[in-house]
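Protein chains in written order, with our numbering: chain H, -8 to 467; chain G, -5 to 147. In this text, a Cβ means the ideal position worked out from N, Cα and C, and glycines have one as well. The structure presented is a predicted model; accordingly, all values stated were derived computationally and were not measured. Below is one structure; the comments refer to it alone.
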């Protein structure tokens, strides 16, 4: 272990770490563009200069390793003057179109210019201009705004290992561009928007949707696979506008996949269930209330009811369901699972799970492995043979069409209850429809594939009369 | 003379026929009728011009090609203390511009006519005009949309 002082604060760091990392880990901020903790060191932005005692010149803190007895100063008059000069070079060709740039408000170039930069420009020549173009399905590039930190290039080389972006040309004609016919279309492409310190790479999905200072930021957990990436949701006027990853070194490091990034669209889908409905034998549909639905459900639940839950339910809902099944002596319990996808592993240890269910582990913890593996078959058989009088399906799986087998079988039961977030072929048949909340509209927790229970927060108000699963189940 | 019970001054006959008072009052009326300068403006028929810099109804300016100057940067909406400006931004249909307002709505019932939007605008696109006779019979008419703000009708 190495002992050093940064701004007169005693710091103990591992040998080999950079001054930048040692400072950031101990709550001392050093301005930086090109440094990113998950990527290799580049040292090209030159704004992280610090002065070290007994060194002849200021040094870049990201490329300087800590040493015993080192005395570092991160802020003084000389350093501020250097940063001012560095920023002047950055701003020579930067268009300063902050009013129409989506990054404004969370742009590090803006922040550092505010802290260290000059209030005017001495550059009277014409600025060089570059292309603005789509570089992939999710990303648009404004090359004029780029500060050439090369974070995106290193991310695509080191984490996704696809290397679609490169720095073309030489000298002051340096520009970020794709290779001909190679768009940035890997499953993690959205992350280059997050790591871009300026507005050069912008998400096409979020383009002009909201100014960041108007948004509320809330923490949540992505439900689209069993990895359980931690996410920060940007909410504007009651609508989720974007998801971005939250740093969690044990789960998702600094990243999330594009599928999860766009998953908020399922929450705002047009075919959400918004009302409690009953359907008579003749087929006429009437609106009802939570209390009436609960009363109907109470009368129809019995020992020969079959219950089909899903691994998209949160732990609160599953525990409430366990209490209900114990109370009514229900034996036929099964689990609806979204089919497995392809597992994908990336550099730095980030992985997309093969399991598309966020809470398979949670279901296993509550109902046991036997129910998880064999329950679905058992329920389908019981329904087909007519052993089950009532079928209670609690679905809530996003972006998934229910199996035809289940829809056919469900037509045979005397009383079909469906609790779901979206309308489906099953809700068209159900005698009682209960609208439930998606993960974005309730507080709860998922247990991810590593067995970590992760809490997610309510981001927006429920759609219509939708209620969380556990609120409905607790009243039975 | 002495004060009577209710505190008013008791007057003699000469005073109590009010001849001088009526005459004095009539003189005053006649003076204002012919001699004193009149300030009343017969409003609907006659209109005064508002003082320069008066902050009245808003308008959005157009550039020389007739397009809205506004680039939907939300600076006015950010500066607005009454939160009466609602903008929906979109990608501009013109090649020389990135962003433009798809919708631009000002709720004049919320507006306090402070003029901060005009000060905040980096493109000189919004202006408070000297139009002050902004009456309406419904609340809906007070929601000015983009077309109303651009064309003034």
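Where residue 240(H) sits in the DSSP three-state scheme: coil
Residues near residue 400(H) by beta carbon distance below 6 Å, same chain, minus five either side: 371, 374 and 375
Cβ contact check for the segment 30 to 42 of chain H and the segment 50 to 63 of chain H: 3 or more pairs under 8 Å: yes
Cβ of residue 105(H) within 8 Å of any chain G Cβ: no
Identity of the residues DSSP links to residue -6(H) by a beta bridge: 3(H)
Three-state secondary structure assigned by DSSP to residue 263(H): strand
Contact residues within the segment 38 to 52 of chain G, judged by C-beta distance below 9 Å to chain H: none
Partner residues on chain H for residue 92(G), Cβ-Cβ distance less than 9 Å: 88, 91, 92, 123, 133 and 199
First through last residue of the alpha helix (DSSP H) which encompasses residue 105(H): 99 to 107
Integer Cβ distance of residue 427(H) from residue 438(H), believed to fall under 8 Å: That pair is no contact at about 19 Å.
Cβ-based neighbour list, residue 320(H), same chain, cut-off 6 Å, excluding 5 preceding and 5 following: 294
Contacts that residue 83(G) makes with chain H (C-beta to C-beta distance below 7 Å): 199
Exposure of residue 23(H), with buried meaning 16 or more beta-carbon neighbours within 10 Å: buried
Residues bridged to residue 46(H) [DSSP beta-bridge criterion]: Bridge partners of residue 46(H): none, in fact.
Cβ-Cβ distance between residue 418(H) and residue 281(H) below 8 Å: no
Three-state secondary structure (DSSP) of residue 358(H): helix
Within the segment 90 to 143 of chain G, ranges of the beta strand (DSSP E) (whole runs, at least 3 residues): 93 to 101 and 120 to 122
Residue-chain proximity (residue 204(H), chain G), Cβ-Cβ < 8 Å: yes
Under 8 Å between C-beta atoms of residue 63(H) and residue 41(H): yes
DSSP three-state assignment for residue 448(H), whether helix, strand or coil: coil
Cross-strand partners of residue 416(H) (DSSP beta bridge): None; residue 416(H) has no bridge partner.
Check: residue 136(G) C-beta below 7 Å from any heavy atom of the ligand FAD: Here there are no bound small molecules, and the ligand FAD is not part of this structure.
Assigned exposure category for residue 155(H) - 16 Cβ within 10 Å defines buried: buried
Interface residues of chain H facing residue 68(G) [CB-CB closer than 7 Å]: 202
DSSP three-state assignment for residue 326(H), whether helix, strand or coil: strand
For residue 157(H) and residue 170(H), the rounded distance between their alpha carbons: 7 Å
Beta-carbon neighbours of residue 132(G), restricted to chain H and to distances below 9 Å: Chain H residues near residue 132(G): none, gap ~25 Å exceeds 9 Å.
Beta carbon proximity, residue 75(G) to chain H, threshold 8 Å: no
Proximal residues to residue 104(G) (C-beta, below 6 Å), its chain only, five neighbours per side dropped: 76 and 78
Coil, strand or helix - residue 133(H) by DSSP: strand
Beta-ladder partner(s) of residue 159(H), from DSSP: 166(H)
Residues from the segment 94 to 119 of chain G in contact with chain H, defined by Cβ distance under 8 Å: 116 and 117
Residue interval of the beta strand (DSSP E) (run including residue 408(H)): 406 to 411
Residue 235(H) (DSSP reduced to helix, strand or coil): strand
Burial state of residue 46(H), where buried means 16 or more other Cβ atoms lie within 10 Å: exposed
Partners in chain H for residue 72(G), counting only beta-carbon separations shorter than 9 Å: 202, 204 and 205
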